[in-house]
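In my numbering, the protein residues as written are 17 to 164.
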């Protein structure tokens with residue numbers, strides 16, 4: 017299996033673990049579930065708000081499942097060009113975190129709405145590492161084809 021396929025599969029596996037956490041233990045503090053947000057527990061006090069929160073959690077998990085299945089299809093049947101484009105698409109889609117989600121989670125972190133404090137920086141570093149890994153995999157994949 018080529019390096020780009022390995023990275024796509026590894027990312028899909030991590031996302032699958034996140035989906036399982038969101039579906040089975042949304043209040044967990046692991047796997048980017050919602051337990052780090054203090055408001056998650058407070059939402060349970062208002063059934064209407066908590067129903068919306070649960071709906072949004074399931075929506076995110078379902079969307080992640082779409083990506084996982086697409087990644088499986090790309091790894092199993094995709095051409096080299098499709099795999100490279102998919103790696104680049106993953107980089108750009110993951111980078112969108114920094115345009116809307118990172119500013120929001122940073123504000124919540126600074127306001128003490130997230131436990132543990134500093135979680136926004138940890139999350140930013142993790143997201144950056146995904147981008148770097150995909151970037152390196154695309155370059156290594158392309159260089160492998162250039163020398164073959």
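By construction, the Cβ of each residue, glycine as well, lies at the ideal position given by its N, Cα and C atoms.
Subject >> The alpha helix (DSSP H) enclosing residue 39, as first and last residue numbers >> reply: That run of the alpha helix (DSSP H) goes 19-40.
**OP:** Would you check if there are 3 or more beta carbon pairs closer than 8 Å linking the region 74-85 to the region 32-51?
**Re:** yes
Subject >> Through-space distance from residue 73 to residue 138, alpha-carbon basis >> reply: 21 Å
Original post:
Of the residues 142, 134, 141, 130, which one's Cα is nearest the Cα of residue 55?
Top reply: 130
Original post:
Quick one: what's got a C-beta closer than 8 Å to residue 135's C-beta in the same chain, skipping five residues either side?
Top reply: For residue 135, the CB contacts under 8 Å within the same chain, skipping 5 residues up- and downstream, are 52, 121, 125 in chain order.
**OP:** Pull up the distance between the alpha-carbon of residue 113 and that of residue 156, whole angstroms please.
**Re:** 25 Å
Original post:
When the distance is taken between beta carbons, is residue 88 closer than 8 Å to residue 28?
Top reply: yes
Original post:
Would residue 94 pass as a contact of residue 154 if the rule is Cβ separation under 8 Å?
Top reply: no
Subject >> Cutoff 7 Å; reference residue 38; Cβ partners in own chain excluding five residues on either side >> reply: 49, 73, 76, 77
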